[in-house]
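This report refers to the structure that appears directly beneath it.
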Amino acid sequence: MEDLKKLTKKKLYQLAKEKNIKGRSKMNKNELIKAIKMMEECDPETSFEAEEKLAEQTKSEEIKRDILIAESYDENSFSSQTHVLKEDSTEAPNIEHKYIKEDYPIPERYNITKIVLLPVDPSKHFTYWELSDETINLLKSQYKHFRFVIKLYDNGNEVLPIDINDPIGKYYIFYHAPFHQLFVVFGVLVNDQFIEIMRSNTIVVPSDEISEFAEEEIWMTKMKDWKEIIKLSHGETEFFADSNLPFQKIIETLIQNQIRKISSSWENLK
Amino acid sequence: MKGYWMPVLHSHLPFVKHPEYDYFLEEHWLFEAITETYIPLLMNLKKLEEENIYFRLTTSITPPLAEMLNDEYLRNQYEKYLQKMIQLTEKEINRTKNDPVFNKLAHFYNKRINDIHDFYNGFLNKNVLNGYKYFKNKGYLEIITCGATHGFLPLLSVNESAVETQIRVAVETHEKHFGEKPKGIWLPECAYYKDLDKILAKYGIEFFFLDSHGIIFGKPAPKYGVFAPVYTPEGVSAFGRDPDSSKQVWSSKEGYPGDPNYRDFYRDIGFDLDFEYIKPYISPDGVRVYTGIKYYKITGDVDLADKQPYDPDIARGKAEEHAKHFHWARDKQIEHLSKLMDRKPVVVSPYDAELFGHWWFEGVDFLYFLFKEIDKHKQIKPITPPEYLNEYPTNQVVEPSPSSWGDKGYFEVWLNPGNDWIYKHLHYMADVMEDFSKKYRDETDSVKIRTLNQMERELLLAQSSDWAFLMTTETAKEYATKRTKEHIYNFLKLKDMIEKNDIDNGFLDWLEYKNGIFDNIDFKKFALED
Chain A
136 MEDLKKLTKK
146 KLYQLAKEKN
156 IKGRSKMNKN
166 ELIKAIKMME
176 ECDPETSFEA
186 EEKLAEQTKS
196 EEIKRDILIA
206 ESYDENSFSS
216 QTHVLKEDST
226 EAPNIEHKYI
236 KEDYPIPERY
246 NITKIVLLPV
256 DPSKHFTYWE
266 LSDETINLLK
276 SQYKHFRFVI
286 KLYDNGNEVL
296 PIDINDPIGK
306 YYIFYHAPFH
316 QLFVVFGVLV
326 NDQFIEIMRS
336 NTIVVPSDEI
346 SEFAEEEIWM
356 TKMKDWKEII
366 KLSHGETEFF
376 ADSNLPFQKI
386 IETLIQNQIR
396 KISSSWENLK
Chain B
4 MKGYWMPVLH
14 SHLPFVKHPE
24 YDYFLEEHWL
34 FEAITETYIP
44 LLMNLKKLEE
54 ENIYFRLTTS
64 ITPPLAEMLN
74 DEYLRNQYEK
84 YLQKMIQLTE
94 KEINRTKNDP
104 VFNKLAHFYN
114 KRINDIHDFY
124 NGFLNKNVLN
134 GYKYFKNKGY
144 LEIITCGATH
154 GFLPLLSVNE
164 SAVETQIRVA
174 VETHEKHFGE
184 KPKGIWLPEC
194 AYYKDLDKIL
204 AKYGIEFFFL
214 DSHGIIFGKP
224 APKYGVFAPV
234 YTPEGVSAFG
244 RDPDSSKQVW
254 SSKEGYPGDP
264 NYRDFYRDIG
274 FDLDFEYIKP
284 YISPDGVRVY
294 TGIKYYKITG
304 DVDLADKQPY
314 DPDIARGKAE
324 EHAKHFHWAR
334 DKQIEHLSKL
344 MDRKPVVVSP
354 YDAELFGHWW
364 FEGVDFLYFL
374 FKEIDKHKQI
384 KPITPPEYLN
394 EYPTNQVVEP
404 SPSSWGDKGY
414 FEVWLNPGND
424 WIYKHLHYMA
434 DVMEDFSKKY
444 RDETDSVKIR
454 TLNQMERELL
464 LAQSSDWAFL
474 MTTETAKEYA
484 TKRTKEHIYN
494 FLKLKDMIEK
504 NDIDNGFLDW
514 LEYKNGIFDN
524 IDFKKFALED
């Protein structure tokens, strides 16, 4: 115990991390020392016990919550075994090629003017686009010199211009934006002036981080007769909704308020 | 009783039907899954029922799987397959008669395949769906649906009608086969995007499943982690996958299926035996394939040639041992969780159904022993989603994060430089379909209506996430590429026939037979009402 007390909080946090103590980020120095001691006394096989003791002693809802979250996912692997990328196949050689007798020709393009944005993961997004002959001819007849540009918009703000060579193509955009709304605008640059031709659909980017806990949780009760009760965790606000009431609207408002709270506190942190 | 365990099986195969060939390798995906997974599972459920063991299981039967299991041509092909397998196992008994070790195994397979044959012709009355319906009607089984053709919804959502059609046709097909609308859905690849819940709610879907991080990275962070469901903003329940119990079974390294005593998947007499002898039981062009008759155990980290003979009795004992271990681990886990929660936790364990039996041969027995063990101790209780929601109708509202259960957790498996070319076609076709659905809403010419309906079938078949998946894993890349191109080609040809008002009846008849999934399809419903 004495030795541990001499360590800085940072060191203790490191130790707690090594011992995989859940809820460590919320602990003060004394709590960290206590938790580390407790883990040391326990067989690693029975670390459940230590965690429970810890949760019980501190009586902290936050620590309980953190443990539940930590046990809810495995940071190192998100996936099921069969769905592995680029794994060497040990399967026996397959014989499909034998049966590919016909060829099915498909078009390279559809002669349309369109751009699409698709999410790949929290930091990667795929866009493909095509300009119709008509659009290309129109551009050529109007401007002597122009080049293509794609602009990425994050929650409505322009963040990233990308130079493009071809009127038909695809591109992977690397931009980390968990839960943000993104879209792209395709246009031409004429004498430093951007002229928009088309814009894509809007995507909501997947997240790879744990959101804040809600200051006020929203709970919903679904009754057998399809009446729903929506209430906040502290029970101050309660809505009853049935088919006559736009309950989705109520939840949307509640959630929007939550999100606003979270994002404003997140902005403050930055 | 400390808490609940929710086992979920995802039963799916892409629609593969090739009446143009007597023998078609990929049709065997279905025959193998029936023989190795679906029938052995149903046989074990029957045993559990007869032994009066309490069990609950949630399983998806995806619309293409249901359509194939019900397809007359494929059912006939399956009976032929079974006859051939019986014949092969009989020949094997004769071939191994001087070798007691292998002769015992030959008898084991012969009895097994005969039992499966009898169960199929008897209890199942020549249709596997009958077995699922039986256990559903008894309340043991919660059957859920999936996307109509397992379309990867987030990447189709550029056209909302495309997603809605995947859901609507799935619900209609489920009702056709099981007599009522599904309460829940296994989202194809567990892939979720913001606002998908609106469409699910519209079609009466009450619950779905997500991988752990889809819940944990939701907004706000969920109070109970994945150990209780959450409601999406539209009030649809989302259950999150428990990472521990998944890994114990999934992982080929640290998981149970890698035990040296279990049957090896890769050593198969289709590759091992003399060519002339095995010729009638492999591909008619002479290419060796798996027969399902496998005589060796995993043995350890050794070359295929050094594998040792398999002992079914020892392996079965191992399955029982692993079931006991799994029960012990869940019991511990659930006891632990229950101390941190003010309600009974639920541990959700979803797996691909074909893992049990097909990949992990003893996995079906593992499930049987596991339910027995749970029933014996009564510390944890198997449960279905509707049962849990009935007990706990109040849940936190959380906006899930877009996610999937694929490698790395997001959409890369289905969208990467190896397969990204498909999306411009899928999106274009959906836009055309939507346009035609409005334009020909009042069409009365029956041939034109059939043509337009077939266009929708070709679109749905092209949308199967299986093709993009197989292109990425390179397991059947050429077949997957060819299938994608085939449906794009067919769609565009049919479109051309409509636009030129010049229908090739022979072509239409052929496609309706070959790609005749969803006989009740109605293209007029494709476009959403304005």
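Protein sequence lines correspond, in order, to chains A and B.
Read in the working numbering, the first sequence has 312 at position 177, and its numbers run on one by one without any break.
Read in the working numbering, the second sequence has 364 at position 361, and its numbers run on one by one without any break.
Idealized CB from N, CA, C, for every residue including glycine.
Can you tell me which of the three DSSP states residue i falls into?
i	result
R282 of chain A	strand
R266 of chain B	strand
N272 of chain A	helix
L213 of chain B	strand
T262 of chain A	strand
W513 of chain B	helix
F309 of chain A	strand
S302 of chain A	The sequence shown places Pro at residue 302 of chain A, not Ser. Of the three classes helix, strand and coil, the one that applies to P302 of chain A here is coil, per DSSP.
F329 of chain A	strand
A231 of chain B	coil
F321 of chain A	strand
V239 of chain B	coil
Y259 of chain B	helix
R334 of chain A	strand
W424 of chain B	coil
Let me confirm a value: residue i is counted as buried when at least 16 other C-beta atoms fall within 10 Å, else exposed. Which label applies?
i	result
D268 of chain A	exposed
G273 of chain B	buried
V305 of chain B	exposed
Y307 of chain A	exposed
A479 of chain B	buried
Q328 of chain A	exposed
V104 of chain B	exposed
P302 of chain A	buried
Q466 of chain B	buried
M71 of chain B	buried
G303 of chain B	exposed
With DSSP as the reference, identify every bridge partner of residue i, one or two as the case may be.
i	result
L295 of chain A	A:L287
E145 of chain B	B:T61
D256 of chain A	A:K259
H13 of chain B	B:S63, B:D355
G154 of chain B	B:S467
P43 of chain B	Note: P43 of chain B sits in no beta bridge, so no partner.
S406 of chain B	B:Y195
N398 of chain B	A:M355
W363 of chain B	B:F359
G6 of chain B	B:I383
To the nearest angstrom, how far is the alpha carbon of residue i from that of residue j?
i	j	result
K50 of chain B	F521 of chain B	34 Å
I89 of chain B	Y299 of chain B	20 Å
L147 of chain A	V239 of chain B	42 Å
Y123 of chain B	N73 of chain B	13 Å
K164 of chain A	E344 of chain A	26 Å
T217 of chain A	L307 of chain B	In this predicted model, T217 of chain A has a pLDDT of only 38, less than 50, meaning its place in the structure is not dependable enough to derive any value.
T168 of chain B	I202 of chain B	10 Å
D200 of chain B	F212 of chain B	12 Å
K5 of chain B	Q382 of chain B	6 Å
L91 of chain B	N117 of chain B	12 Å
H15 of chain B	S468 of chain B	11 Å
R486 of chain B	A471 of chain B	11 Å
P232 of chain B	A241 of chain B	5 Å
H110 of chain B	D309 of chain B	23 Å
M174 of chain A	E347 of chain A	27 Å
E54 of chain B	K141 of chain B	15 Å
L253 of chain A	L158 of chain B	6 Å
Roughly how far, in whole angstroms, is the beta-carbon of residue i from the beta-carbon of residue j, given that I think they are within contact range, below 8 Å?
i	j	result
K488 of chain B	I241 of chain A	5 Å
T262 of chain A	I285 of chain A	7 Å
V400 of chain B	F230 of chain B	Going by Cβ atoms, the distance from V400 of chain B to F230 of chain B rounds to 17 Å, so no, they are not a contact pair.
R460 of chain B	I501 of chain B	Wrong, their Cβ atoms sit about 14 Å apart, outside the cutoff.
S215 of chain B	Y208 of chain A	4 Å
Y76 of chain B	P22 of chain B	6 Å
Y265 of chain B	I301 of chain B	5 Å
T40 of chain B	G360 of chain B	4 Å
Taking 7 Å as the cut-off, is the beta-carbon of residue i closer than that to any non-hydrogen atom of the ligand NAD?
i	result
V435 of chain B	Absent from the structure shown: the ligand NAD. Ligands present: none.
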